[in-house]
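Chains A and B, in that order, are what the protein sequence lines are. Note that our numbering has the first sequence beginning at 1, numbered continuously upward. Note that our numbering has the second sequence beginning at 1001, numbered continuously upward. All C-beta atoms in this analysis are idealised placements derived from N, C-alpha and C, irrespective of residue type, glycine included. No experiment lies behind these values; they were computed from the predicted model shown. Please read the structure below before turning to the comments.
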Amino acid sequence: MRVLEETLSTPGTESVISLNAVTREYASHGNVVRALDSATFAINSGEWVAITGPSGSGKSTLVNMLGCLDRPTSGTLKIDGTDVASMSATELDRFRADKIGFIFQQFHLIPYLSAIENVMLAQYFHSMTDESEARVALEKVGLGARISHLPSELSGGEQQRVCIARALINNPPILLADEPTGNLDAANQKIVANLLGELHRYGHTIVMVTHDPEMAALAQRKIALSHGKVFCHPTSSSRMIRLQR
Amino acid sequence: MFLRLLYESFRRQRRRKLLAGVAILLGTTAVTAMLALATTIGDRIHQELAVYGANIVVTPVADSLDVKVGGVNLKPANGGAYLHESDLIKLRGIFWANNITGVSPELRVDSVAIVGNMNSAPIPVKERGLWFDHDLGGLRTGAPQLHPWWKLTGQWPQLFKGSDTFQVVLGASLAKRLNLKVGDGFILNGPTQQAVDGHGQASAVGIVSTGDDTDNEVLVPLQIAQGGLGADNAVSRVEISARTKPEDAFARSDPDKLTGKKHDLWYCSPYANSIAYQIREAIPGANAEQVRQVEQSEGTVLSRISGLMWLISAAALLAAGFAVSAAMATAILERRAEIGLMRSLGASRSAIALLFYSETGLLAVFAGACGYLIGSSLAAWLGAKIFATGTATTFASIHIATVLNPVLLPIVVGLALIVAIAGSTPAIRQALRMDPSSILRADA
Ligand SMILES: Nc1ncnc2c1ncn2[C@@H]1O[C@H](COP(=O)(O)OP(=O)(O)OP(=O)(O)O)[C@@H](O)[C@H]1O
Ligand SMILES: [Mg+2]
Chain A
1 MRVLEETLST PGTESVISLN AVTREYASHG NVVRALDSAT FAINSGEWVA
51 ITGPSGSGKS TLVNMLGCLD RPTSGTLKID GTDVASMSAT ELDRFRADKI
101 GFIFQQFHLI PYLSAIENVM LAQYFHSMTD ESEARVALEK VGLGARISHL
151 PSELSGGEQQ RVCIARALIN NPPILLADEP TGNLDAANQK IVANLLGELH
201 RYGHTIVMVT HDPEMAALAQ RKIALSHGKV FCHPTSSSRM IRLQR
Chain B
1001 MFLRLLYESF RRQRRRKLLA GVAILLGTTA VTAMLALATT IGDRIHQELA
1051 VYGANIVVTP VADSLDVKVG GVNLKPANGG AYLHESDLIK LRGIFWANNI
1101 TGVSPELRVD SVAIVGNMNS APIPVKERGL WFDHDLGGLR TGAPQLHPWW
1151 KLTGQWPQLF KGSDTFQVVL GASLAKRLNL KVGDGFILNG PTQQAVDGHG
1201 QASAVGIVST GDDTDNEVLV PLQIAQGGLG ADNAVSRVEI SARTKPEDAF
1251 ARSDPDKLTG KKHDLWYCSP YANSIAYQIR EAIPGANAEQ VRQVEQSEGT
1301 VLSRISGLMW LISAAALLAA GFAVSAAMAT AILERRAEIG LMRSLGASRS
1351 AIALLFYSET GLLAVFAGAC GYLIGSSLAA WLGAKIFATG TATTFASIHI
1401 ATVLNPVLLP IVVGLALIVA IAGSTPAIRQ ALRMDPSSIL RADA
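Here it is, written out as structure tokens:
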């Protein structure tokens, strides 16, 4: 793995994500499920945060809201200083295209598009496609030789790297990763972990849901969820991420 | 990328697209066939019904009080009882001139035929002067056109000016009675002519079988009959075939009692009545009447058929719309995760709607164009089937070229688009309503 040039941006002090008593309730079969219960915390620009918690604790619910795919039932969610509630659906779509990159456990690549086309799809919905830029993004994740392969012709780790390249192509400040290594073996997990480390060093804000203590240990801070409630861990700025070949 | 997505969608969901496409194709085929037939069918039915005779008959005014015994005009051959052949050209100048499709004047003369040698006894025959293939100010017309069921062996008479002989066609019964065949000659003299020096030398160039009184007549060029009667330019009756609007209450109004605008409206509607009125105005001493029964049935048949056609067309399009709706619903259901992913990549609702609408739009244009072609052929074929009945076979062949109406193409494709877009809207709206987070979670 190529080590990216040292552009260690000091974690900003201004919070790029801030939640104030954010609650998300789902009404299903007559009863109300409170998937997230008055979550209040902030994430600073350039921070790498791990979200942990047992299944059903509301991790995905949180990520969906941070990604503007979902809106809080109550409370205020500000991303990059903008109150999500104040935006129209169209503005929210635009906002998402500009600010957020998603990395999924299931990769969610479009099966009939090649690796490079999957990356270009994100460009297309953002602004316009640029094949050479997409190729560079795939080279950065070590897939320069596989750009025209279909997802089914790639291993899980490779698919996840395509997903990362796609998340990065529009250079969003925030990366949301819902269990990015959940479907990967140890070797691939390491590759993805290293990639995330590089992105962190580039100054991206990373919010990563994980069950894996090893992965969680890479983050600067852990936010634990239990039954929709948040337990914040203090920033562990002492932790250094080692990038190695 | 947009085209790539479109292409892949067609490539992968071939079955669904095919299903929706076939539905649109069938719908537009039906509509095209109906529209094509509806636009040509008026003419065709008119021609078919023209088999039963002309729909307007013009007679001299004095003749309306006429006494006819067995079809023989007992009126003296004075000028007042005749119309002038030279006035008929005025039919081409009336308001609805272009709706007049056939004009057939006639002049009946009681003549005698002498068959064999000059000393044979003269046999009284009914002579009828007609146009056979006359150019009336650009309209080629004549008795054969207005009587398409007449069966002719041989040919219609032609007129050779300055010749002593002339050509005639014999009614089948008369030919049998006189024992004449095509190619035979005989003497035919009108009341003012003497059988001298072979005057009135007629040559039978054809024998016609009509199934009515005409079978006992000898048909001659109008000018010959006028010569035989000694009345140049005389015409005793004119049959006119005109395309008309079905008669309604307004059509039956008395034009002279209508005021201003109403009169103009009546005058400018192609009712048989108003065309007859205009004929009376144009031709001095003419009495023009519509021939009712034919006129009526023609109108009713037309309106009934077109009503049925619209119903079938609407049903076909509606069915196509439902089929598209069902096909799109499943197609979009299959692609829910994809839509969710696209939303997570920042795709707006309108971008996704555009993608799906383009898909159906493309499908509609393609299927609609095919439907147009197939529908046109179907109309040609159907037209041939419907009209190729009875004796009017010659009138029946509707060629694809006449049915392939370019004006219909944008109409049909437009209808296909409307149906496809309307049909896919519920599915697309539902896809856009879906919460993108739940779509992603459903897979997770
Ligand atoms: N659309 C929905 N309708 C009703 N309830 C929902 C919906 N989505 C999530 N929930 C409920 O909200 C709670 C939190 O779900 P969430 O997916 O956020 O959990 P999670 O922490 O991501 O779990 P996992 O680790 O298994 O992915 C769960 O109890 C879940 O059943
Ligand atoms: Mg989850």
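Residue i at chain A interface by Cβ criterion, 7 Å
i: B:A1347; result: yes
i: B:S1376; result: no
i: B:T1358; result: According to the sequence shown, residue 1358 of chain B is Ser rather than Thr. It does not; no Cβ of chain A falls within 7 Å.
i: B:E1008; result: yes
Proximal chain B residues relative to residue i, where beta-carbon distance stays under 9 Å
i: A:A89; result: S1348 and R1349
i: A:A97; result: L1345, G1346, A1347 and S1348
Where residue i falls, given that 16 or more other Cβ within 10 Å makes a residue buried
i: B:N1215; result: According to the sequence displayed, residue 1215 of chain B carries Asp and not Asn. Flag for B:D1215 reads buried.
i: B:M1034; result: buried
i: B:H1147; result: buried
i: A:C68; result: buried
i: A:K99; result: buried
i: B:A1431; result: buried
i: A:C163; result: buried
i: B:L1037; result: buried
i: B:V1407; result: exposed
i: B:N1179; result: exposed
i: B:Y1007; result: exposed
i: A:H200; result: buried
i: B:R1016; result: buried
i: B:L1308; result: exposed
i: B:Q1158; result: exposed
i: A:G30; result: exposed
i: B:S1241; result: buried
i: B:R1429; result: exposed
i: A:V230; result: buried
i: B:R1128; result: buried
i: A:N64; result: buried
i: B:P1060; result: buried
is_contact[residue i, chain B] using C-beta, thresh 7 Å
i: A:Y112; result: yes
i: A:D93; result: yes
Partners in chain B for residue i, counting only beta-carbon separations shorter than 7 Å
i: A:G269; result: Here chain A comprises residues numbered 1 to 245, so residue 269 of chain A is not present and cannot be evaluated.
Partner residues on chain A for residue i, Cβ-Cβ distance less than 8 Å
i: B:M1001; result: E117, M120, L121, Q123, Y124 and T129
i: B:R1012; result: Y112
i: B:R1004; result: L113 and E117
Cross-chain neighbours of residue i in chain A, by beta carbon under 9 Å
i: B:L1341; result: F102, F104, H108, L109, I110 and L121
i: B:R1016; result: None at all; the shortest Cβ gap to chain A is about 15 Å.
i: B:A1416; result: Per Cβ cutoff of 9 Å: no residues; B:A1416 is ~27 Å from chain A at best.
Interface partners of residue i on chain A, CB under 7 Å
i: B:S1437; result: N64, L69 and D70
i: B:E1338; result: I110
Handout entry: Around ligand 1, Cβ to any heavy atom closer than 5 Å, ordered along the chain
Key = Those residues, listed in chain order, are A:Y26, A:S28, A:V33, A:A35, A:S55, A:G56, A:S57, A:G58, A:K59, A:S60, A:T61 and B:S1438.
Exercise for the section: Decide yes or no for the touch test of the stretch 1277-1294 of chain B against the stretch 1082-1090 of chain B: beta carbon pairs closer than 8 Å, at least 3 of them. Expected result: A contact exists between the stretch 1277-1294 of chain B and the stretch 1082-1090 of chain B.
Exercise for the section: Assess, as a yes-or-no matter, whether the stretch 171-182 of chain A is touched by the stretch 86-101 of chain A under the definition of 3 or more beta carbon pairs within less than 8 Å. Expected result: Remark: three or more beta-carbon pairs, one from each stretch, lie closer than 8 Å, so the stretch 86-101 of chain A and the stretch 171-182 of chain A are flagged as touching.
Practice task
May I ask you to verify whether the stretch 20-27 of chain A touches the stretch 38-49 of chain A, counting CB pairs closer than 8 Å and requiring at least 3?
Solution key: Segment contact: the stretch 20-27 of chain A against the stretch 38-49 of chain A, three or more CB-CB distances shorter than 8 Å; contact assigned.
Problem - Three or more C-beta pairs below 8 Å linking the stretch 50-60 of chain A and the stretch 221-234 of chain A - result: Enough Cβ pairs lie closer than 8 Å, so yes.
Exercise for the section: State whether the stretch 1304-1324 of chain B contacts the stretch 1017-1030 of chain B, with contact taken as three or more CB pairs (one from each stretch) at a distance under 8 Å. Expected result: The stretch 1304-1324 of chain B, when compared against the stretch 1017-1030 of chain B, does touch it at the 8 Å Cβ threshold.
Exercise for the section: Could you tell me whether the stretch 1098-1113 of chain B touches the stretch 1221-1232 of chain B, using the rule of 3 or more Cβ pairs below 8 Å? Expected result: Touching, yes, given that three or more Cβ pairs across the two stretches are closer than 8 Å.
Handout entry: contact_flag[the stretch 1411-1419 of chain B, the stretch 1364-1374 of chain B] where n(CB pairs < 8 Å) is 3 or more
Key = Yes, they touch.
Practice task
Tell me, please, whether the stretch 193-208 of chain A touches the stretch 76-85 of chain A by the rule of three or more beta-carbon pairs shorter than 8 Å.
Solution key: No: the two stretches stay apart, fewer than three of their Cβ pairs being nearer than 8 Å.
Problem - the stretch 1246-1256 of chain B / the stretch 1173-1193 of chain B touching (three or more Cβ pairs under 8 Å) - result: The stretch 1246-1256 of chain B vs the stretch 1173-1193 of chain B: no contact.
Handout entry: At least three beta-carbon pairs within less than 8 Å, the stretch 1374-1383 of chain B to the stretch 1327-1336 of chain B
Key = Too few Cβ pairs lie closer than 8 Å, so no.
Practice task
State whether the stretch 1229-1237 of chain B contacts the stretch 1115-1126 of chain B, with contact taken as three or more CB pairs (one from each stretch) at a distance under 8 Å.
Solution key: No contact exists between the stretch 1229-1237 of chain B and the stretch 1115-1126 of chain B.
Practice task
Check whether the stretch 1129-1138 of chain B touches the stretch 1090-1101 of chain B, counting contact only when three or more Cβ pairs, one atom from each stretch, lie closer than 8 Å.
Solution key: Taking 8 Å as the limit for Cβ pairs, the verdict is that the stretch 1090-1101 of chain B does touch the stretch 1129-1138 of chain B.
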